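Chains as they are written, first to last, in our numbering: chain A, 1 to 282; chain B, 1001 to 1300.
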């Protein structure tokens, strides 16, 4: 390829990179500016100094409606929702995937396709019945309601992930172990699970990202003390009391995005695999 | 004899144990997916308003849904957003994937940069773009300060244009993902086909246009499927970026459903609108699922 062509190629790629980085740059710089600097300066200007005041405010004193305790309580609610929901849905997915590939029975393919529909269904369709059911179960005001919803709605995708992964583990491994007298659970623990590290990572990260970022269930099914971080952020930004503080909004947005960004940069490989697993088979 | 009986018992045990293990998930899925779909469907044929009730009302809720101007706005917006979001997202993703596939030195870093928005919540994306597109301090202000005092960019607060800001933010968030899908597809193409074409004297753009892009058909198929699916379900982005406004000019079916069912106390209309969403998704997804499952059977 000619040198000039390569130059154009790199230029275009760099411009694209700027397009993706720009909002992050704007968020970061805005969050460390003072409101005076924001009003008088320009969107892209580099901050003259670093002020962490907006960050402090976003974390524990910004108003999110009538309550003024920042994002902190929402952040911890999200942690309390995400941890059990991710662990439970991953475990269920692993065992389901194991059965649906290594212990197939008559009708297991039908069961799988029926569960698969849960990945594609518009969640709006379950909102009304679910809110009634959670009400009967007395779970509408606690984080456990959201944990339940996320586990129930996550089983479909976790099962799909594990199933697709386990298909590639040779059946002979399981058959040989059966001949040696190993049973269902023993094979799972001793043979299948030790081979599952990559798919466990993929599923963990996928579920973590999805549940952390969820807004729909969070806004519909949470009580006043169980709202997740996305709802907190949205309330903070849309609260119209007093002067609009864009630096606080941006700091809050970064705080809300930090955990998933962290995971993305630490384990990006698995994140991408998760994204593509549902789409491109394998 | 005893050992044989034992092994028969063992065999029987092994036969029902796997079924028992998937049973809870299966039953829960039956109830919480299919049961709830039916339940929701029933609500859409009932007289429910503020509270659910089960008095049969026929098509009343659907009639009021399709007579609702706001629902038509939502459908129109879904059309605009869907076409642009899928079209631009696919083209941009494919374009970047092809460029990245030219043995680029810093490919890994660029890939991470293109893809990181996908790790963010749509609420975070919406908040960021709301600030950037804000007319008083954002992009408009910036360009004005560059010496174009008459420049206006007020899409965010202009009811005619606000839906396009949702497209911008949506494409920003999702196009990197499309890039990753296409890049994976490109990497799966056999190099020898390309080499053979080069030997025949075909130029690189021609090879891409005639050989490589057509062979990516399955990736196009799943990309469009995924983006269409995201478009129909898009809720968070609208809520964070425009909060359905100005007025209800950027309402989409998902946010319409939320408004009716959880803010306006119109449960029946809400249920009817979510049933319509299910029908739209099913129209796209069922053929896709069908072909996927056929693929599964073929492969194993």
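C-beta atoms are modelled at their ideal positions from N, C-alpha and C, and glycine is treated no differently.
Given the structure is predicted, the values throughout are model-derived calculations rather than measurements.
I'd like to check one pair, residue j with residue i: are the Cβ atoms closer than 8 Å?
i                       : j                       : result
residue 1116 of chain B : residue 1096 of chain B : no
residue 1086 of chain B : residue 1228 of chain B : yes
residue 1035 of chain B : residue 43 of chain A   : no
residue 211 of chain A  : residue 87 of chain A   : no
residue 163 of chain A  : residue 112 of chain A  : yes
residue 128 of chain A  : residue 1270 of chain B : yes
residue 221 of chain A  : residue 92 of chain A   : no
residue 1246 of chain B : residue 1078 of chain B : no
residue 184 of chain A  : residue 1024 of chain B : no
residue 1155 of chain B : residue 1120 of chain B : no
residue 1152 of chain B : residue 1237 of chain B : no
residue 1070 of chain B : residue 1235 of chain B : no
residue 71 of chain A   : residue 255 of chain A  : yes
residue 207 of chain A  : residue 154 of chain A  : yes
residue 1242 of chain B : residue 1128 of chain B : no
residue 85 of chain A   : residue 126 of chain A  : no
residue 270 of chain A  : residue 202 of chain A  : yes
Can you give me the C-alpha to C-alpha distance between residue i and residue j, rounded to a whole angstrom?
i                       : j                       : result
residue 1047 of chain B : residue 1066 of chain B : 16 Å
residue 47 of chain A   : residue 39 of chain A   : 12 Å
residue 1239 of chain B : residue 170 of chain A  : 47 Å
residue 1064 of chain B : residue 1273 of chain B : 10 Å
residue 1277 of chain B : residue 34 of chain A   : 44 Å
residue 1283 of chain B : residue 1232 of chain B : 12 Å
residue 4 of chain A    : residue 1100 of chain B : 17 Å
residue 205 of chain A  : residue 1109 of chain B : 20 Å
residue 96 of chain A   : residue 178 of chain A  : 19 Å
residue 32 of chain A   : residue 1140 of chain B : 22 Å
residue 50 of chain A   : residue 1173 of chain B : 28 Å
residue 1290 of chain B : residue 115 of chain A  : 14 Å
residue 1288 of chain B : residue 1281 of chain B : 11 Å
residue 1189 of chain B : residue 1089 of chain B : 22 Å
residue 1130 of chain B : residue 103 of chain A  : 51 Å
residue 1092 of chain B : residue 15 of chain A   : 13 Å
residue 1259 of chain B : residue 1050 of chain B : 13 Å
residue 1123 of chain B : residue 231 of chain A  : 8 Å
residue 239 of chain A  : residue 68 of chain A   : 11 Å
residue 1191 of chain B : residue 268 of chain A  : 27 Å
Could you give the first and the last residue of the continuous alpha helix (DSSP H) run that contains residue i?
i                       : result
residue 1143 of chain B : 1139-1145
residue 1257 of chain B : 1253-1258
residue 213 of chain A  : 197-213
residue 1129 of chain B : 1122-1132
residue 227 of chain A  : That residue, residue 227 of chain A, is in no alpha helix (DSSP H); it is neither H nor E in DSSP.
residue 1060 of chain B : 1060-1066
residue 6 of chain A    : 3-31
residue 1237 of chain B : 1236-1241
residue 48 of chain A   : That residue, residue 48 of chain A, is in no alpha helix (DSSP H); it is neither H nor E in DSSP.
residue 1166 of chain B : 1162-1187
residue 1266 of chain B : Neither: residue 1266 of chain B is in no alpha helix (DSSP H) and is coded neither H nor E.
residue 158 of chain A  : 143-166
residue 1222 of chain B : 1217-1233
residue 1076 of chain B : 1069-1100
Is DSSP giving residue i helix, strand or coil here?
i                       : result
residue 360 of chain A  : As shown, chain A starts at 1 and ends at 282. That puts residue 360 of chain A outside it, with no answer to give.
residue 279 of chain A  : Low local confidence applies: a pLDDT of 45 at residue 279 of chain A is under 50, so the model's placement there is unreliable, with the coordinate-based value given in what follows. It is helical.
residue 1112 of chain B : helix
residue 1046 of chain B : strand
residue 1280 of chain B : helix
The ligand COA and residue i: does the residue's C-beta get closer than 7 Å to at least one heavy atom of that ligand?
i                       : result
residue 1107 of chain B : The ligand COA is not part of the structure shown, which contains no ligands of any sort.
Along chain A, which residues have their Cβ under 7 Å away from the Cβ of residue i?
i                       : result
residue 1199 of chain B : Simply none; closest approach about 17 Å.
residue 1089 of chain B : Residues of chain A passing the Cβ test: none, with the nearest at roughly 13 Å.
residue 1117 of chain B : 20
residue 1285 of chain B : 120
residue 1261 of chain B : 127 and 128
residue 1232 of chain B : 122
residue 1019 of chain B : 105
For residue i, which residues in chain B fall below 8 Å Cβ to Cβ?
i                      : result
residue 129 of chain A : 1035, 1036, 1039, 1040 and 1043
residue 111 of chain A : 1022 and 1026
residue 100 of chain A : 1022
Could you list which residues in chain B have their beta carbon closer than 7 Å to that of residue i, in chain order?
i                      : result
residue 248 of chain A : What residue 248 of chain A touches in chain B: nothing, since even the nearest Cβ is about 11 Å away.
residue 94 of chain A  : Per Cβ cutoff of 7 Å: no residues; residue 94 of chain A is ~11 Å from chain B at best.
residue 147 of chain A : Ordered by position in chain B, no residue passes the 7 Å Cβ test against residue 147 of chain A, which lies about 14 Å from the chain.
residue 264 of chain A : 1116 and 1119
How would you list, in chain order, the residues of chain A whose beta-carbon sits under 9 Å from the beta-carbon of residue i?
i                       : result
residue 1243 of chain B : 234 and 238
For a contact meaning CB atoms closer than 9 Å, what does residue i contact in chain B?
i                     : result
residue 23 of chain A : 1117, 1125, 1128, 1129, 1131, 1132, 1169 and 1172
Since residue i meets chain A, which of its residues come closer than 8 Å, beta carbon to beta carbon?
i                       : result
residue 1247 of chain B : Residues of chain A passing the Cβ test: none, with the nearest at roughly 16 Å.
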